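Participant:
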Amino acid sequence: MLGGSPTEADGIDAPSRGGNPLRMIGIGVLSCLLFAAGLLVTEAPGEIATDVDLKPFFLVYLLVAVCRFGFPTLSAGLGAAVGEGILDVFEGYELDDPIGFIGYVVGFTVFGWYLHRVAGDPSDRRAQVVAAVLGAFAQAFAEGLAFLAIDADAGVVAAAVSVGGNTVTHGVVLGAVPLVLLYPTVAGYVGTEANDRTTAD
């Protein structure tokens, strides 16, 4: 293998960085379907507080944990954002939705970055919790800014409640807790792409 090639220890394997088109599309579609289906269930009760709801972040978190960091993470984030966007079209599109779209991509990317690049061990429970909370906070922060900028009646306190509340509901309740509990069921698939890595002489 060439000296400059990424290794499994780097947290980014060759197929992930190279972005096999079919694999990327598959990950994006799966993320879209999983997240959209989960949203139909978790958002059924409505908002817990103003702009605070329940979103099944753990479904995308599990996918990102399995796929490793790189283009698969970006594809999973985009897929989740598209899934949310499709439901928004049917439920009623809002002016802050584009910012929320970006927030999903950034949030899930932050999750994958911390879990695979900073912690370097997707099986570590503490890393899973920290990554889940960071990812949810990044997404909630984007939505909080949009909430503050677009809603003329919204105040800083309301925006802070939105960010804090969604960080807890998305990052802990439907993020870290189910991620830690369900990760062992998918742990056997982690590193699959690394096993498919091509070598260059």
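Numbering (the working numbering), first residue to last: 294 to 494. We treat Cβ as the ideally placed atom computed from N, Cα and C, and that holds for glycine. For clarity, every value in this text was computed on a predicted model and none was experimentally measured.
1) For residue 342, which of helix, strand or coil comes out of DSSP?
2) Using 8 Å as the Cβ pair cut-off and three pairs as the minimum, do the region 318-333 and the region 430-440 touch?
3) Of all the alpha helix (DSSP H) runs that stay within the bounds of the region 328-404, which reach a length of 4 or more residues?
4) In this structure, how does DSSP classify residue 313 when only helix, strand and coil are distinguished?
5) Tell me where the alpha helix (DSSP H) around residue 452 begins and ends.
6) Near residue 427, which residues of its chain fall below 6 Å by C-beta distance, leaving aside the five closest residues on each side in sequence?
7) How big is the Cα-Cα spacing for residue 328 and residue 350?
8) Tell me the rounded alpha-carbon separation between residue 415 and residue 378.
Facilitator: Well, looking at it:
1) In the sequence shown, residue 342 corresponds to position 49, counting from 1. Residue 342 falls in the strand class under three-state DSSP.
2) Output reads no: the region 430-440 does not touch the region 318-333.
3) For the region 328-404, whole alpha helix (DSSP H) runs of length 4 or above, ordered along the chain, are 350-360 and 364-384.
4) Residue numbering aside, residue 313 sits at position 20 when the sequence shown is read from its first letter. Of the three classes helix, strand and coil, the one that applies to residue 313 here is coil, per DSSP.
5) Within the sequence shown, residue 452 is the residue found at index 159, counting from 1. In this chain, the alpha helix (DSSP H) harbouring residue 452 covers 449-461.
6) The residue labelled residue 427 in the question sits at position 134 within the sequence shown. By the criterion of a C-beta distance shorter than 6 Å, residue 427 is surrounded in its chain by 403 and 407, once the five residues flanking it on both sides are discounted.
7) Numbered from 1 along the sequence shown, position 35 holds the residue referred to as residue 328. Numbered from 1 along the sequence shown, position 57 holds the residue referred to as residue 350. Here the alpha carbon of residue 328 sits roughly 8 Å from the alpha carbon of residue 350.
8) For the purposes of this step, residue 415 is taken as residue 122 along the sequence shown, with counting starting at 1. For the purposes of this step, residue 378 is taken as residue 85 along the sequence shown, with counting starting at 1. So the alpha carbons of these two residues sit roughly 28 Å apart.
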